[in-house]
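*Asks:* Please read through the structure below; I'll follow up with questions.
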Ligand SMILES: Nc1ncnc2c1ncn2[C@@H]1O[C@H](COP(=O)(O)OP(=O)(O)OP(=O)(O)O)[C@@H](O)[C@H]1O
Ligand SMILES: Nc1ncnc2c1ncn2[C@@H]1O[C@H](COP(=O)(O)OP(=O)(O)OP(=O)(O)O)[C@@H](O)[C@H]1O
Ligand SMILES: [Mg+2]
Ligand SMILES: [Mg+2]
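Protein chains in written order, with the numbering used here: chain A, 74 to 379; chain B, 336 to 700; chain C, -9 to 335; chain D, 1101 to 1649.
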C-alpha cells in the first residue's frame, strides 16, 4: 500500500500539496487501490511519520517538499526494503527516488506569454517567503519575459518572512495593486494562499494573472492568462503506479517530460493568441533541444537577467 | 484564613477545569462527526501509551518548559514578555553559529558552548526591548511583538543568504557536525540495557530543562535577585524605596527571560533537527505564555503545564496523523484547556469554595 | 506640558510628512500608495478602536486577532452561502461577538485572567475556523471564492470622475477619497464617533470611569459588570467589521490564518495611540503607510546598498520600535486595566 | 457604663422615626466575620460617631448601609421605612451619601465629571455638566466648599479631593451623610473647616455618621457615639455622658494612656546636616527651595506642614529615592560625611548602609509589598544585609527568626509571620514597618505620618517606640500633618511651606495657633491676623508656580 505525506502547508494548500493529493486521488480512482496519507503538524514529526509509515509496511512512501530531505537522508538507510519518493529535493540514497521539477522552464514559458500579453511592457512577480525555491520561479519567469521584451520591466515582491507570508491574501492583493499601479498588467503569483489574493486583485483590476503549481485558470476565467502547472500529481501518480518497484535515482520532470507546463484550457483559450501559442511551441522545442538554456537559480544563487 | 484547603485549590480546581475542557472538546469532536472516545484513546495511546509516545511528549514538554519559564521570570518582574518566539528563534541562531563554527570533538564540550550561544542571543534579543522600556518607557508588549517579526526577518535573511549550503533548496543551515549531536534519552536507555523511546527526539536537554525549573525556583524564591525581581514586580514605588533599581531589574529579568527562551534551541535545534531551519520555534514562544500563566508562574506549575501541552501536542499530532480528524482540532482542544484551566478557573473555584465553607460551618456547629 | 502636547502631535506630523514628501517626489505612485495605506489601515483601525473600547473599560484584550479571524471566517461563509456581503457582515459580527462573550464570561463574570482568556480566544479562533471550514466546505479550511454581491464593492463618491481633472485636489478626491469599500468609510467615521461617544456622552463618561476606577462607578450605583459587557460587545462588533472587511472587502473569501498578525499590530497601535481615538487613526495610518511603502519599494536601492526584501518587509516593525523609543513618551494604560473588579476578596 | 451597652436614641423625642436603624446586620468575607449581628440607631438631625480599632468592621457596616456590600443577614430601616438596599443607586435614592475612607474618585477626570458620574441628566454630557456647574457654584457658596470644577482630581490635594467627595454627596441631595475617617488626611485647619460644614449640615436637619479614630473629634462634634470591637457593636452612648478614657477602654478592651510621658531631650552631635537643598521635579516645578537644618543625636525634629508642601520630596530625597527625572542640588552630611545626591551611590540602599532608617508615608505602596508574606517584608530594604545571606541564597531562617522577634516585640496581631502583608489591618501593617526600621537601630530614623489611620492602641505603642529610639541617642526626623503628634513628640519643630522652612520653634514655646500660621506661609514678621482665617491650602495653591497648573 503506498503512502503520501504532505508538508506543513496541508493538502489543500491550493498549491503543490494539493496537486500531490490530486495525483493520489486520481490513482485511487483509476486503480481502485487505497493509500495512506498524513499531514505534518510540526517539524519534529517528520521523522516520526516516516518511520511509522515504513514500519506499517507502506511502500512506496512519497513526500512533498524539500523540508523532508534532511530527515529522509537519515531514515532511508534504516528501511532498505522500503522505497521512498521525495518531491522538490535530491536525496542520494539507493532506495529513494528524487523528483525535481524544472520550474524555471515552465516559468520561462509563462514569462513569454506574459511579455506577449503585456501592453505596458511591465509585468509583476509576487512570491511568498523570500526563499531560494521561489527565486527559481522568479528567475525563469524573468528570463522568458526578457527573451521577448529585453527592455521590459519585471516588478518583484515577496510577501513576508513569517509563515504568515503564505496565508495573507490581503497583503497579496495590496502587492498586486502596487504592481498594477506601477504599470504591471500581468502578474505571476507564486505564494500559496497569498496568491489567491493576488489573482483576485489582478482580476478586480482588469489585468491578467498567472497561477502556479495547480491549474488555477478556473479561479477567474478571462482574467487568468495561464497557470504554470507543476505536475506533482503526475509524479505521485507514477510513483504510486510503480509501487514497490519505484526506481531510485533522480527523476527530472522537465518540459520534455511534461513535468511542467503552461495550462491552456477553456478558461483562458481566448487570451492565448496564435502568435503566443507559436512562441510557446517554439520555446518548448528550443529548450528541449538545448538551443535555449533556461538558467536555474538554484545552481549558483544568481539570475542572469534582472 | 483561606476559604478552602490548599490541596483543593491546587489540585481539585485544575482537575475539574481540565475535565470540563475535555467534555467540551468531546462535544466539538461530536459536532464534526467523529468519535470522542476514539479521539481520546488515540491521543492518550499516542502520547502516553508507549515509550515512543512519551519520547515525543517529553520532547515538546522540554520546549515548553523553557519558553514557559521565560515568560514566568519576566512576569514576576511585571513584564509581559510576548517575545519568546523571537528570542527562541534567535537562540536557535546562536546555537547554530556555535555548532557550525568549530568541528566540535564531543558533545559534552559543544553543549555548554551552544547553551551560552543560545542564551546569549536570546538574551540579546530581549535586551533591547528591556532597555527601551526601562530607559525610554517604550511599552515592552509592543516592542517584544515587533522583535518577533524582526527576528523572523533576520533569520530568513541569515538562513537564505549566509548559512544555507550553496545549491540547497532548503532555507536551512548545514547539518551540525557529528560532535555536536546530543545523546538522546533512547541512547541513555540503551546504556542501561533497555530499549526506551527509540527514534524519539527527546534528549538530555530534558534534564537541563528540569534543572532549569529548579534553578529558576531557587532564583525567584531563594536568592536576593529573585526577591528584588518579585518586589519590583509587585510595586515599583516599593522597589525604589527599598533601593532596588527599576532599570537594573527590568534589564536583568528580561535578560534571564530571553536567555531561557534562547536555551530552548538546545532542544529543538541542537537536539532534534541538528541544523537550523526557518520556522524552528513553531509557536512554542506563544505556548510559553499559556504555560506560564496556567502554571501560576511557579516552576513546578510550569513543568506540569508544559507536560500537559506536550501531551496535547503529541497526542494531537497522532490524532492528525492516524485518524481523519483534522489537526486543527488540537488547537481547539488547547484553546479550551487554556480557557478552562487558566481563565475560567473561578467558575470551578467559586462553587468549590462555597461547598468547603458550608462544610466548615457544619463542622463548627 | 508643551513637550507633551508636541509628543502627542508627533504621529500626525510624521504621517502627514510622509504623505506630503511622497506626493512631492512621485505623485502618481504616492496616491496609489496612500490609497493602499488606507485599505491596509482599515482592519487595523477597526481592531484598534475595538481594543480601545475594551481597554478603556478596563478589560485587556489580546484576543483581537482571534475575533477578527473568527469574523473573517463567519463573514466569508455566510456571504458565500447567501450571496450577500451584508449578511456576511452580520455573521462576522456574530462570530466575533460570541468570542467576546466568552472573554466577558472569563474576565468579567468569573474574574479570570484577561491575558489568558485572550490567548485562549486566539487559539480557539485559529482552530475553529479551519475545523468548521473543513466541515462545511472541505477545502482545507478555505472558503470558496466570493463573487458579485457576496463581496463589498468599491464605492464611487459623487463627482469623482468629474473632479479628477482639478489640479491637486481632484486626484486626491477621486483617487484617495473616493473608490473604497463602504467599510473603509465606516471605519474612518468610527473615529469621530468614538471620540464623541467617549468624551461627549454619558455612556462614554461611565466607560472611561470604569476603566480607571471601577469602584467609583460601583459606588455611583452603576453596574460595573454591565458597563464592561457593553464595552466588550462594542469591541466584538468592531472586530467583526474588521474581519468581514478582510474576507469580503479586501479579499474574496477566507484563507486560514488570514489575519496574519494584524490583531497584534492593532494592539501595538492602541498603545501607540495612548488609548485615544484620534491617536488610533494616526497610529494605524502610520502602520498602513509603512507597509504600503514597503510594498511599493520592495528592494529599496539606496545607491550604495540595496536593502533586501526581508528588511523592507520588517520595516514597519523596525520603525515602530524606533519611533516608540525616540519620540512617543510613556503610555499610561487605563489604571484599572487588566484587573478584574473584585469587591470582596 | 451598664446602660451604655444598650443602643439608645440620640435625642429624647423617640416619637420621630430614626434616620437609620440597623437590625441584626451580619457580614462575612470568606472566613472573616466582619460584622456580627449589629444593631444601630441614628436619630435624625444628629451627628453620630463610630469608633473602633482597625479592622473592627466600621467601614464594612457603613458600606452595607450604602449598598456597596450586601449583608448576609439583617434589616435596614431608613426614616422608619424598611428598605432593601441592593446597590448604591438604591441608597442614593433613599438620600444616603458616603465619603469612603479610600476616595472613589476617577483620578484623571475633572471635578465636574466626578460629580455627575452616575447622576447625569441624560445621555448627553454637556447639559449635565452645565447644570452641575451651576449647582456646584451654589453648594460651594453655601458650604464654603471651594474647588475648581475643571481641575482634574490628580492635581488636587487630598483635602480638596475630600471636598469633591462631600460635594458629590450633596449634589445627590443626601440627607444622611456617612464620612469614613475624613480627618485622617486633613490638617487641623482643614479638619476644623470640615467640622464647621458638618455642623452647618446638622443645623439644616441632615444626619451625619462620622467614623474616626480621634477621640477628640468625637467629643468635639458628635451627639452620640457607637463603639465597635472585632465585628461587634459593644456600646452606643450619648457623647455628653462619656469620656475619652472610657471610649478608649471600650474600644481596645483595656486602659490606654492617651498622652505619652517623655523625658527632656539630651541632644549630642549633629547627625544630619542639610544645607540649601533644592529639588525640581520632572515637570519643572521647584518642590524644595533651599532647605537647611540639623538634627542632633538624641533629638526628634518634627516637621509640620500641610501635605504637599515638599515634605514628601524631602523625605524621599533623604531616603535616597527622589522621583524619577527630578534635579537636586545642595549638600547633605551624615555624621560628617558628604552624601551623594546623584548617581548610583545616592540610592536608598546606600542610605540604609549609612544608617538611615525610613518609615515612609505610604506604607501600602512603598513600605510594604502587600503580596509578600510578613516575614519577607521584615527584610524589605535590608534584604542584602550579610546576615540575611547564606552563600548565593538568602538565609530565610534568619529573616523568619527576626520576624518572629519583631512580631513579639511590637505585638503585631495576628502573630503569624506567614500571612501576606495585605491580610493585616492598617495599624498592624504600620507596626511591621516601624518594627523593621527601628529594630535596625538606625543612626537617623526618617518617619512620615507614623500614625495615619492607625487606632489609638497602636498609636500609643508607636509613639513610645519613637521616644525610646531617641532616648537611645538616635536622631529622628518626624513628618506629620497631625499637629498634636508633632507637639507631643518633637523636641524641635520646623514648619514647611511651599518647599521652604518657614521657621523653627520649641514645642514648649509655641502654640497650635502659631504653628498654624507658619503652615499657612505667614512668616514671623508679617504676622497679620486676618490671613489666619483663610484655610492655608486655599492660599498655597495660588502661590504655586505656573508650571503646576
Ligand atoms: N492626536 C490627536 N489628534 C486629534 N485629537 C486628539 C489627539 N489626541 C487627543 N485628541 C483629543 O483631544 C482632546 C483632549 O485630549 P486629552 O489628552 O485631554 O484626553 P483625555 O480626556 O485627557 O484622555 P485621558 O482621559 O486618557 O487622559 C480629546 O478629546 C482627544 O480625543
Ligand atoms: N473587601 C473585603 N474583602 C475581604 N475582607 C475584607 C474586605 N473589607 C474588609 N475586610 C475585612 O473585614 C474586617 C473589617 O474591615 P473594615 O474595613 O470594616 O474595618 P474598619 O473598622 O473600617 O478598620 P479601619 O479602621 O482600619 O478602617 C477586616 O478584617 C478586613 O480585613
Ligand atoms: Mg475603615
Ligand atoms: Mg489626559
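We put the CB at the ideal spot given by N, CA and C, even for glycine. Small disclaimer: the values here were computed from a predicted structure and weren't measured.
Quick one: is the Cβ of residue 1555/D within less than 7 Å of any heavy atom of ligand 2?
*Replies:* Mapped onto the fourth chain, residue 1555/D falls at position 455. Answer for residue 1555/D: yes, Cβ within range of ligand 2.
*Asks:* Note down, in chain order, each residue of its chain lying with its Cβ closer than 7 Å to the Cβ of residue 1504/D, except the 5 sequence neighbours on either side.
*Replies:* The count along the fourth chain starts at 1 and reaches residue 1504/D at position 404. So the qualifying residues of the chain are 1517.
*Asks:* Can the beta-carbon of residue 22/C be found closer than 8 Å to that of residue 262/A?
*Replies:* For the purposes of this step, residue 22/C is taken as the residue at position 32 of the third chain. For the purposes of this step, residue 262/A is taken as the residue at position 189 of the first chain. No, the pair does not count as a contact, with Cβ atoms beyond the cut-off.
*Asks:* According to DSSP, which residues form a beta bridge with residue 1393/D?
*Replies:* Position 293 of the fourth chain, counted from the first residue, corresponds to residue 1393/D. DSSP output for residue 1393/D lists 1374/D as bridge partner(s).
*Asks:* Tell me whether the beta-carbon of residue 660/B lies closer than 8 Å to the beta-carbon of residue 374/B.
*Replies:* Counting from one through the second chain, the residue named residue 660/B turns up at place 325. Counting from one through the second chain, the residue named residue 374/B turns up at place 39. Cβ atoms of residue 660/B and residue 374/B: closer than 8 Å.
*Asks:* Under a Cβ-count criterion, where at least 16 other Cβ atoms within 10 Å of its own Cβ denotes burial, should residue 441/B be classed as buried or exposed?
*Replies:* Within the second chain, the letter at position 106 stands for residue 441/B. Flag for residue 441/B reads exposed.
*Asks:* What did DSSP end up calling residue 1626/D once you bin it into helix, strand or coil?
*Replies:* Taking the fourth chain and counting its residues from 1, the one referred to as residue 1626/D is at position 526. With a pLDDT of 44 at residue 1626/D, under the threshold of 50, the predicted position of this residue should be treated as unreliable, though the coordinate-derived value follows. Residue 1626/D falls in the coil class under three-state DSSP.
*Asks:* Taking 7 Å as the limit between beta carbons, can you name the residues of its chain near residue 1300/D, skipping five residues before and five after?
*Replies:* Translated into the one-based positions of the fourth chain, residue 1300/D becomes position 200. Here the set comprises 1243.
*Asks:* Cβ of residue 1145/D within 8 Å of Cβ of residue 1307/D?
*Replies:* What you label residue 1145/D is simply residue 45 of the fourth chain in a count that begins at 1. What you label residue 1307/D is simply residue 207 of the fourth chain in a count that begins at 1. For residue 1145/D and residue 1307/D, yes; Cβs fall inside 8 Å.
*Asks:* Roughly how far, in whole angstroms, is the beta-carbon of residue 1434/D from the beta-carbon of residue 1372/D, given that I think they are within contact range, below 8 Å?
*Replies:* Against the fourth chain, residue 1434/D aligns to sequence position 334. Against the fourth chain, residue 1372/D aligns to sequence position 272. Rounded to the nearest angstrom, the Cβ distance from residue 1434/D to residue 1372/D is 6 Å, consistent with a contact under 8 Å.
*Asks:* Taking residue 329/C as the reference, which of 66/C, 172/C, 200/C and -1/C has the closest Cα?
*Replies:* In the third chain, the residue the question calls residue 329/C occupies position 339. Residue 329/C has its Cα closest to that of 200/C, out of 66/C, 172/C, 200/C and -1/C.
*Asks:* Using three-state DSSP, classify residue 144/C as helix, strand or coil.
*Replies:* Residue 144/C sits at position 154 when you count from the first residue of the third chain. In the displayed model, residue 144/C falls within a strand according to three-state DSSP.
*Asks:* Just to confirm, are residue 24/C and residue 67/C a CB contact at a threshold of 8 Å?
*Replies:* Mapped onto the third chain, residue 24/C falls at position 34. Mapped onto the third chain, residue 67/C falls at position 77. Against a cut-off of 8 Å, the Cβ pair of residue 67/C and residue 24/C comes out as no contact.
*Asks:* Nearest-angstrom Cα distance between residue 187/C and residue 625/B?
*Replies:* What you label residue 187/C is simply residue 197 of the third chain in a count that begins at 1. What you label residue 625/B is simply residue 290 of the second chain in a count that begins at 1. If you take the alpha carbons of residue 187/C and residue 625/B, they lie about 35 Å apart.
*Asks:* Along the stretch 155 to 183 of chain C, where does the CB come closer than 8 Å to a CB of chain B? Name the residues.
*Replies:* none
*Asks:* Mind checking residue 86/A: buried by the 16 CB within 10 Å criterion, or exposed?
*Replies:* Position 13 of the first chain, counting from 1, holds the residue named residue 86/A. So residue 86/A counts as buried.
*Asks:* If you draw a straight line from the alpha carbon of residue 1241/D to that of residue 1309/D, how long is it in whole angstroms?
*Replies:* Residue 1241/D sits at position 141 when you count from the first residue of the fourth chain. Residue 1309/D sits at position 209 when you count from the first residue of the fourth chain. Going from the Cα of residue 1241/D to the Cα of residue 1309/D covers about 23 Å.
*Asks:* Tell me which residue opens and which closes the alpha helix (DSSP H) that residue 1604/D is part of.
*Replies:* Your numbering for residue 1604/D matches position 504 in the fourth chain. From DSSP, residue 1604/D is part of no alpha helix (DSSP H) but of the beta strand (DSSP E) over 1600 to 1605.
*Asks:* Tell me, please, whether the CB atom of residue 240/A is closer than 8 Å to any CB atom in chain C?
*Replies:* The residue you call residue 240/A lines up with position 167 of the first chain. Residue 240/A counts as touching chain C.
*Asks:* According to DSSP, residue 1338/D sits in a beta bridge with which residue or residues?
*Replies:* Here residue 1338/D is taken as the residue at index 238 of the fourth chain, counted from 1. Residue pairing for residue 1338/D: DSSP places it in a beta bridge opposite 1324/D.
*Asks:* Less than 7 Å between C-beta atoms, sequence neighbours within five positions excluded: which residues of the same chain meet that for residue 1057/D?
*Replies:* Shown here, chain D extends from 1101 to 1649; a query on residue 1057/D therefore has no answer.
*Asks:* If you count every other CB in all the chains shown that lies within 10 Å of the CB of residue 1592/D, and 16 or more means buried, which is it?
*Replies:* Within the fourth chain, residue 1592/D is the residue found at index 492, counting from 1. By the neighbour-count criterion, in which a residue is buried when 16 or more other Cβ atoms sit within 10 angstroms of its Cβ, residue 1592/D is buried.
*Asks:* Counting C-beta neighbours from all protein chains within 10 Å, is the total for residue 258/A 16 or more, i.e. buried, or is it exposed?
*Replies:* Reading the first chain from its first residue, position 185 is the one you call residue 258/A. Per the 10 Å Cβ criterion, buried.
*Asks:* Using CA coordinates, which residue listed in 1365/D, 1119/D and 1171/D is at the minimum distance from residue 1275/D?
*Replies:* Residue numbering aside, residue 1275/D sits at position 175 when the fourth chain is read from its first letter. Of the listed residues, the one whose Cα sits closest to residue 1275/D is 1119/D.
*Asks:* Can we count residue 1155/D as close to ligand 2, meaning its CB is less than 7 Å from some heavy atom?
*Replies:* The residue given as residue 1155/D occupies position 55 in the fourth chain. Flag set: Cβ of residue 1155/D near ligand 2.
*Asks:* Quick check: is the beta carbon of residue 1627/D nearer than 8 Å to any beta carbon in chain C?
*Replies:* Within the fourth chain, residue 1627/D is the residue found at index 527, counting from 1. Reliability fails at residue 1627/D, whose pLDDT of 42 lies under 50, so the model's placement of it is uncertain and no value is given.
*Asks:* Quick check on DSSP: helix, strand or coil for residue 1479/D?
*Replies:* Reading the fourth chain from its first residue, position 379 is the one you call residue 1479/D. In the structure shown, residue 1479/D sits in coil (DSSP, three-state: anything other than H, G, I, E or B).
*Asks:* Output yes or no for whether 8 Å exceeds the beta carbon distance between residue 1403/D and residue 1411/D.
*Replies:* For this step, residue 1403/D is matched to residue 303 along the fourth chain. For this step, residue 1411/D is matched to residue 311 along the fourth chain. With a cutoff of 8 Å on beta-carbon distance, residue 1403/D and residue 1411/D are scored as near each other.
*Asks:* Between the alpha carbons of residue 220/C and residue 191/C, how many angstroms are there, rounded?
*Replies:* Taking the first residue of the third chain as 1, we reach residue 220/C at position 230. Taking the first residue of the third chain as 1, we reach residue 191/C at position 201. The alpha-carbon atoms of residue 220/C and residue 191/C are separated by roughly 14 Å.
*Asks:* Starting from residue 171/A and walking both ways along the alpha helix (DSSP H), at which residues does that stretch end?
*Replies:* Taking the first residue of the first chain as position 1, residue 171/A is located at position 98. Here residue 171/A belongs to no alpha helix (DSSP H); instead the beta strand (DSSP E) covers 169 to 174.
*Asks:* Under a CB-based cut-off of 8 Å, is residue 1366/D close to chain C?
*Replies:* Position 266 of the fourth chain, counting from 1, holds the residue named residue 1366/D. It does not: the Cβ of residue 1366/D has no partner Cβ on chain C nearer than 8 Å.
*Asks:* If you measure from the beta carbon of residue 303/C to each beta carbon in chain B, is any gap under 8 Å?
*Replies:* What you label residue 303/C is simply residue 313 of the third chain in a count that begins at 1. Yes - at least one Cβ of chain B is within 8 Å of the one on residue 303/C.
*Asks:* Grab the span of the beta strand (DSSP E) containing residue 415/B for me, first residue to last.
*Replies:* On the second chain, position 80 is the one that residue 415/B refers to. Careful: residue 415/B lies outside any beta strand (DSSP E) and carries neither H nor E.
*Asks:* When the Cα of residue 224/C is compared with those of 8/C, 93/C, 5/C and 99/C, which residue comes out closest?
*Replies:* Here residue 224/C is taken as the residue at index 234 of the third chain, counted from 1. That would be 93/C, whose Cα lies nearest to the Cα of residue 224/C.
*Asks:* What does a CB cutoff of less than 6 Å around residue 673/B pick up in its chain, not counting 5 residues either side in sequence?
*Replies:* What you label residue 673/B is simply residue 338 of the second chain in a count that begins at 1. Answer for residue 673/B: 625, listed in chain order.
*Asks:* DSSP puts residue 1129/D in a beta bridge; with which residues?
*Replies:* Taking the fourth chain and counting its residues from 1, one reaches residue 1129/D at position 29. Answer by DSSP bridge pairing, in chain order: 1132/D.
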